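Peer 1: One structure, pasted below without further comment.
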Amino acid sequence: ESVHVFAPATVANVVCGFDVLGFAVNEPGDEVIMRRKDKPGITISKITGDDGRLPLDPAKNTVSVSVQHYLDSIGSSDIGLDIELHKKMPIGSGLGSSSASTVAGLFAIKTLLGDDTDPMKLLPFAMKGEEMACGHGHADNVAPALLGGFVLIRSYDPLDVVRLPSPKGLYCAIVFPDVDVPTREARQIIRNKIQMKDAVTQWGNIAGLVSGLFMQDVDLIGRSMQDVLVEPVRSMLIPDFYKMREIAMENGAVSFGISGSGPSVFAFTRDEETAKLITQKLQQHLTNIKIGSNGYVSPI
Ligand code: HSE
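If you're matching positions, the sequence shown starts at 23 in the UniProt record's numbering and goes up one per residue.
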């Protein structure tokens with residue numbers, strides 16, 4: 023008996039909503055194959071697509087650790103499981119790579135055990151995986167990976183997650199410049215004190231973005247996607263960030279920003295063609311400055 027689960031990449035923060043907003047894309051994503059075995063305990067028999075960067079030790083891998091937390095919570099700690107993880111997206115990309123793996127693992131165990139409770143119940147276990155992967159249990163990647171679409175984390179304590187609508191026809195262009203930006207480090211450089219005037223700008227933008235999603239008002243979405251708190255600092259870790267913004271905006275983007283903690287960047291567009299064009303232009307620019315990249319286009 024085995025199950026095969028895919029979980030998607032996600033764009034956390036959505037520019038103005040640090041740690042509180044995220045959405046899922048169609049691709050890329052990770053796959054987990056999970057099998058029951060007789061011998062109790064979790065093993066990881068295979069990981070592909072990670073260039074040897076992820077641990078096979080079940081005590082150190084975010085997938086097995088979060089699955090073990092789930093099993094402990096339902097009193098089934100001794101079940102025998104084998105996990106294969108097939109990474110089909112880059113690690114350390116700011117596209118929720120660890121979340122995609124963790125959510126695929128949790129969904130796999132839920133399915134394997136025939137647990138038909140609300141997938142939302144898996145969220146605290148997925149957040150444990152995030153905590154292990156980057157030192158902080160934020161939910162703005164795991165929640166959209168689990169639920170799909172746009173998600174708001176209204177509160178962390180108590181956890182309160184709200185699904186938001188996605189406007190029809192909105193597309194996302196994503197480019198991952200091949201430089202390493204570990205989330206742990208990208209979190210350490212953020213200022214932890216902010217000015218009231220910046221807070222006012224930021225919450226105006228978050229409210230504007232959420233309103234824009236409900237009203238299907240793409241202009242409002244676009245002008246709300248500005249970040250005065252985190253982007254000014256994190257943009258320094260991304261090659262030619264402001265030049266890439268200029269290229270995206272000149273070629274018809276509605277908005278442009280950092281995906282999660284970077285280095286990936288993303289742009290919203292009104293159609294697929296524009297998203298493809300922007301991906302291509304940004305990748306061309308990165309090639310010109312001798313940086314490799316991956317590009318993706320997805321409806322939202
Ligand atoms: N909200 C998190 C951060 C997402 O920006 O650090 C990490 O992908």
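All residues carry an ideal CB built from backbone N, CA and C; glycine is no exception. None of the values given here were measured: they were computed from a predicted structure.
1) Alpha carbons only, please: which of 169, 134, 61 and 138 is nearest the one belonging to residue 148?
2) Just the Cα atoms here: how many angstroms apart are residue 35 and residue 94?
3) List the DSSP bridge partners of residue 198.
4) Any heavy atom of the ligand HSE inside 7 angstroms of the beta-carbon of residue 163?
5) List, from N- to C-terminal side, the beta strand (DSSP E) runs of 3 residues or more that fit wholly inside the UniProt domain "GHMP kinase N-terminal" (87-171).
6) Kindly indicate the opening and closing residues of the beta strand (DSSP E) around residue 273.
7) So, are the CB atoms of residue 110 and residue 53 less than 8 angstroms apart?
8) Mind checking whether the beta-carbon of residue 202 lies closer than 7 angstroms to any heavy atom of the ligand HSE?
9) Using three-state DSSP, classify residue 236 as helix, strand or coil.
10) Can you give me the C-alpha to C-alpha distance between residue 312 and residue 46, rounded to a whole angstrom?
11) Going by the C-beta, is residue 288 closer than 7 angstroms to any heavy atom of the ligand HSE?
12) Using only the heavy atoms of the ligand HSE, determine whether one of them is closer than 7 angstroms to the beta carbon of residue 34.
13) From residue 156 to residue 118, what distance separates their C-alpha atoms?
14) Per DSSP, which residues does residue 64 bridge with? Please list them.
15) Of the choices 212, 167 and 227, whose alpha-carbon is the least far from that of residue 277?
16) Would a C-beta distance cut-off of 8 angstroms place residue 317 and residue 183 closer than the cut-off?
17) Taking the alpha-carbon of residue 266 as reference, which of 129, 249 and 300 has the nearest alpha-carbon?
18) Which term fits residue 75, buried or exposed, when burial requires 16 or more other beta carbons within 10 angstroms of its beta carbon?
19) For residue 311 and chain D, any beta-carbon pair shorter than 8 angstroms?
20) Can you look up residue 177 in the DSSP assignment and give me helix, strand or coil?
21) Have a look at 79, 68, 141 and 190 and flag the residue whose alpha-carbon is nearest the alpha-carbon of residue 29.
22) How do the stretch 121-131 and the stretch 82-94 stand: do at least 3 beta-carbon pairs fall below 8 angstroms, yes or no?
23) Going by C-alpha distance, which of 244, 66 and 131 is nearest residue 275?
24) What number of angstroms, rounded off, separates the C-alpha of residue 193 from the C-alpha of residue 48?
25) Looking only at C-alpha atoms, which of 71, 44 and 202 sits nearest to residue 166?
26) If you reduce the DSSP assignment to three classes, tell me which class residue 254 lands in.
27) Would you tell me roughly how many angstroms separate the C-alpha atoms of residue 258 and residue 186, rounded to the nearest one?
28) Would you tell me roughly how many angstroms separate the C-alpha atoms of residue 291 and residue 237, rounded to the nearest one?
29) If contacts are defined as beta-carbon pairs under 8 angstroms, then residue 249 and residue 282 qualify, I think. What distance do you get, rounded to the angstrom?
30) Buried or exposed: where does residue 190 fall if 16 or more other Cβ atoms within 10 Å of its Cβ makes it buried?
Peer 2: Reading it off the structure:
1) 169
2) 31 angstroms
3) 316
4) yes
5) 102-108
6) That residue, residue 273, is in no beta strand (DSSP E); it is neither H nor E in DSSP.
7) yes
8) no
9) helix
10) 29 angstroms
11) no
12) yes
13) 11 angstroms
14) 103
15) 227
16) no
17) 300
18) exposed
19) Structure shown: chain D not included; a single protein chain is present.
20) strand
21) 141
22) yes
23) 244
24) 11 angstroms
25) 44
26) helix
27) 31 angstroms
28) 17 angstroms
29) The pair is not a contact, with the Cβ atoms about 12 angstroms apart (cut-off 8 angstroms).
30) exposed
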